[in-house]
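> Structure below; questions to follow.
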Amino acid sequence: MQIASLQFKARAGAKLADVKLQAALRKLQGNFVKGRAERMLELDNFEEIRSAAAAIRDRTLANLDVYLETFERNATARGAVVHWAETTDDVNRIVCELAARYDVKKVIKSKSMVTEECSLNDALESAGVQVVETDLGEYILQLAKEPPSHIIAPVIHKGREEIADLFAEKHHLPRNSDPAALTREAREQLRGHFLTAGMGISGANFVVAETGSTVIVTNEGNGRMTTTLPRVHVAITGIEKVVATREDLTTLLRLLPRSATGQSITNYISITSGTAEAGESGPQHFHVILLDGGRSKLLGTDMQEMLRCIRCGACMNHCPVYQSVGGHAYGWVYPGPMGSILTSTLGSLEQALDLPQAATLCNQCGVVCPVKIPLADLMRKLRERQFARGLRPWPEHAGLWLWGRVARYPSLYALLSSVGVRVLAWLGGSQRLIHYLPFAGGWTKGRDLPAPQGKTFRELYAQRKR
Amino acid sequence: MAHSILDPRSSILNRIRAARSGRGASSAQEVAQVNAHLAAHPQGPRPYSDWDPIERLRDRAQSLTTTLERVANMGEVPRAVARYLGENKLPMTAVCWHEFGELAWQATDVTVEARPACGDDLVGITGAFCVIAETGTLMMLSGEATPGATSLLPETHIAVVHESRIVRGMEDAWALLRAERGATAMPRAVNFISGPSRTADIEQTLVLGAHGPYRVHIILLQS
């Protein structure tokens with residue numbers, strides 16, 4: 006997917022004015038934020054498990070070469086074919102070649118954010134292969150020709166009435182807007198595709214080195230069908246997703262569903278290793294594609310901790326900026342705090358100028374992260390890099406330079422700030438609210454700025470001391 | 259990104275090694291440490307689990323909207339299935355794993371075929387490798403005699419499990435698999451099932467029965 010993050014400000018403005026989106030985002034807070042908090046209470050030793058989870062991710066990142074080779078060796082021994090892809094284009098090329106080799110006309114997909122990075126569906130369709138998304142949310146988005154706006158709840162931005170209109174138009178059936186009826190309609194539309202597709206494409210939440218297995222975590226059952234029913238299964242994931250053992254996987258699985266959807270466990274955890282044995286139903290061909298896609302660039306840098314990410318979405322669910330603007334404003338596959346960092350690093354700083362700034366640095370994201378990624382710190386480091394590379398606008402540079410000069414002279418600083426707070430207090434009038442502030446018109450356009458009371462902290466401190 | 263003349267596998271691994279702050283490829287000592295970790299596969303910290311396994315399973319099943327029933331032995335299964343299907347006004351026709359095909363179904367109104375489920379079958383009867391009490395989860399292993407489709411395609415899934423196959427946590431399930439099948443043995447598919455399939459993709463409203471079963475019923479055998 007092309008990175009379109011430079012339009013962040015314009016898009017964010019439009020999203021703030023979108024009444025339907027705002028209502029949908031409020032629900033997210035209720036369900037995912039409250040659900041997560043409740044499910045974490047089930048773990049009396051949550052912090053201990055969280056530290057263990059971070060250590061498990063660090064362990065494989067520290068010897069990533071060995072763990073990837075171990076995974077490859079064990080997967081191959083069970084009949085899988087492991088492919089390595091430098092870029093997203095390479096993933097698309099490999100999958101299209103496999104579709105041609107096995108004479109596949111139709112592909113069913115379970116949800117995969119890595120294939121969103123690749124725009125795999127476009128590549129397959131250009132090659133004349135029909136692609137059917139089978140996760141309910143992704144299926145709706147495929148019908149609507151829209152990208153996902155959340156990595157777990159991809160269609161969070163759409164209401165039931167909109168979905169009812171879409172289904173009525175595409176399925177040519179009587180319109181119904183009840184979620185249960187819409188879900189049944191999608192089930193009936195998709196069941197035939199599951200039974201007739203030649204290839205199933207899934208992501209992998211994890212791959213396990215010890216057994217050469219790929220793991221997907223789902224609720225709907227479409228993931229099980231995608232990895233079981235077609236004669237070819239292709240699993241596509243990032244090189245950083247490897248964990249050492251099934252026990253390490255177990256520890257991560259205590260945190261992933263709780264962090265993601267507020268569930269103690271997802272409905273299905275499907276672990277696939279190799280191809281079907283004689284007499285057993287299941288795929289005859291199993292291919293695993295490991296994508297670098299910029300990930301190895303983060304190793305050994307001050308961004309390496311980002312590679313711990315298990316894509317739960319808790320950081321965006323708890324982010325005041327994501328809660329206000331939703332996922333589409335961010336302009337690429339991954340939104341929210343993790344997305345701001347991944348877009349700036351897997352992509353480039355230049356392509357994501359506003360994203361590390363789109364944070365209050367409240368660190369709510371870092372507090373809820375199940376693998377202890379210091380997300381706010383990483384965003385601050387990205388801001389420093391932007392500044393050092395001259396990527397910030399000149400008024401910001403000039404302002405910081407001026408502030409730096411003045412701050413070196415405490416008496417001058419005291420004088421200017423005492424004048425400043427008096428002007429602001431006067432601007433606030435009797436209501437003590439500033440309706441318009443020069444140089445900050447964008448901020449005061451949507452809300453009033455509470456006016457200070459007229460004295461600086463240092464003045465009040467000196468007064469109290471007397 | 260410019261393509262190097264190396265194959266992608268080598269260039270990705272080389273980049274990973276170069277990123278390790280000049281340490282290059284993992285040393286023989288590090289490889290030995292990795293192999294020792296794989297061989298020891300230590301368990302991580304587990305949450306409080308000093309509960310009674312059957313009580314815990316009952317409690318978890320309820321929260322997952324899985325229903326649970328205890329019967330004395332395998333001979334009771336046909337009548338238990340007939341009762342469950344009758345009470346819930348479900349079709350009295352089912353497919354089952356081969357191991358259940360020879361039970362005394364003729365004494366009930368249930369017609370059972372011992373074959374893997376297809377897209378149109380409405381009730382599937384399976385066993386399970388074990389049940390995990392911590393989360394109320396069925397562990398299923400793929401194999402010729404244990405087709406996964408039977409627990410996935412029908413609208414109703416009934417699982418028959420001996421109480422001796424209840425384990426506390428997922429770690430214990432892996433230990434059981436290692437003990438019975440071998441240290442690194444894995445069937446093609448291991449599926450953990452926790453309740454009926456579900457989705458909340460539309461307006462975050464929970465709907466049971468997405469692509470898989472609408473209901474899951476566990477029959478526990480006391481002996």
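Quick mapping for you: the protein sequence lines, in order, are chains Y and U.
If you count by our numbering, then the first sequence holds residues 6 to 471, one letter each, in order.
If you count by our numbering, then the second sequence holds residues 259 to 481, one letter each, in order.
Note that CB positions come from ideal geometry on N, CA and C, so glycine has one too.
#1: Under 9 Å between the Cβ atoms of L326(U) and E421(U)?
#2: Do G284(Y) and R83(Y) come within 9 Å of each other at the CB atom, strictly closer than that value?
#3: Is it buried or exposed, L394(Y), if we count other Cβ atoms within 10 angstroms and call 16 or more buried?
#4: Determine which residues of the stretch 287-302 of chain U have a Cβ less than 7 Å from any Cβ of chain Y, and write them out in chain order.
#5: Please report the Cβ distance between T256(Y) and I439(Y), rounded to the nearest whole angstrom; I am assuming they are in contact, meaning their Cβ atoms lie under 8 Å.
#6: Along the chain, which unbroken stretches of the beta strand (DSSP E) at least 3 residues long are found entirely within the stretch 106-158 of chain Y?
#7: Is the beta carbon of T266(Y) less than 9 Å from the beta carbon of A158(Y)?
#8: Determine the extent of the beta strand (DSSP E) in which L478(U) is found, giving its start and end residues.
#9: Assuming the contact rule is C-beta atoms closer than 8 Å, R62(Y) and V376(Y) should be a hit. Round their C-beta distance to whole Å, please.
#10: Going along the chain, which unbroken runs of the alpha helix (DSSP H) with 4 or more residues stay wholly within the stretch 318-370 of chain U?
#11: Alpha carbon to alpha carbon, how far is M335(Y) from P398(Y)?
#12: Quick one: give me the first and last residue of the beta strand (DSSP E) that I383(U) is part of.
#13: Can you check which of these residues, G197(Y), D382(Y), A364(Y), I294(Y), is closest to L234(Y) by C-alpha distance?
#14: Does DSSP classify H238(Y) as helix, strand or coil?
#15: Checking contacts by CB at 9 Å: is V71(Y) closer than that to chain U?
#16: Could you say which of L454(Y), L260(Y), A202(Y), S301(Y) lies nearest to P288(Y) if we only look at CA atoms?
#17: Could you give the DSSP three-state label for G446(Y): helix, strand or coil?
#18: Just verifying my parser: in three-state terms, what is the DSSP assignment at G205(Y)?
#19: Please report the distance separating the alpha-carbon of Y441(Y) from that of Q34(Y).
#20: Identify each residue in the stretch 265-278 of chain Y for which the Cβ-Cβ distance to at least one residue of chain U is less than 9 Å, and report them in chain order.
#21: In terms of DSSP beta bridges, what is N449(U) paired with?
#22: Using a cut-off of 8 Å between C-beta atoms, extract the partners of I451(U) located in chain Y.
#23: Give me the DSSP bridge partner(s) of F199(Y).
#24: Between the Cα of A186(Y) and those of L411(U), D265(U), H469(U), spot the shortest distance and give me the residue it belongs to.
#25: With 7 Å as the limit, tell me which residues of the stretch 286-309 of chain Y have their beta carbon closer than that to any beta carbon of chain U; keep them in chain order.
#26: Please state if the CB of V474(U) and the CB of T324(U) are separated by a distance shorter than 9 Å.
#27: Mind the definition here: the stretch 178-185 of chain Y touches the stretch 412-419 of chain U only if three or more C-beta pairs lie below 8 Å; say whether that holds.
#28: What does the alpha-carbon distance come out to for the pair I378(Y) and V136(Y)?
#29: Check each candidate in R313(Y), G344(Y), L312(Y) and name the one with the smallest Cα separation from V326(Y).
#30: Can you tell me the Cα-Cα spacing of G377(U) and M230(Y), whole angstroms?
#31: Considering only DSSP beta bridges, list what L296(Y) is partnered with.
#32: Residues of chain Y with CB closer than 7 Å to the CB of A277(U), please, in chain order.
#33: Suppose only complete runs of 4+ residues qualify. What are the alpha helix (DSSP H) ranges in the stretch 328-362 of chain Y, listed by chain order?
#34: Going along the chain, which residues of its own chain have a beta-carbon closer than 7 Å to the beta-carbon of L399(U), five neighbours each way excluded?
#35: What is the DSSP secondary structure of L438(Y), reduced to helix, strand or coil?
#36: With DSSP collapsed to three states, give me the class of A417(U).
According to the structure shown:
#1: no
#2: no
#3: One detail in the question is off: residue 394(Y) reads as Arg in this sequence, not Leu. Result: exposed.
#4: E288, V289, V292, H295, L296, H299, P300, Q301, G302
#5: With 8 Å as the limit, T256(Y) and I439(Y) do not qualify as a contact, their Cβ atoms being about 51 Å apart.
#6: 111-114, 135-138
#7: yes
#8: 473-479
#9: 5 Å
#10: 335-345
#11: This sequence places Tyr at residue 335(Y); Met is not what is there. Approximately 20 Å between the Cα atoms of the pair.
#12: 381-384
#13: G197(Y)
#14: strand
#15: yes
#16: A202(Y)
#17: helix
#18: strand
#19: 31 Å
#20: T266, Q268, S269, I270, T271, N272, Y273, I274, S275, I276, T277, S278
#21: S275(Y), M398(U)
#22: N272, Y273
#23: For F199(Y), which the question treats as bridged, DSSP gives no partner whatsoever.
#24: H469(U)
#25: S286, G287, D297, S301, L304, G305
#26: yes
#27: no
#28: 35 Å
#29: G344(Y)
#30: 11 Å
#31: A90(Y), G243(Y)
#32: S301, L304, G305
#33: 341-347
#34: F387, P445, V448
#35: strand
#36: strand
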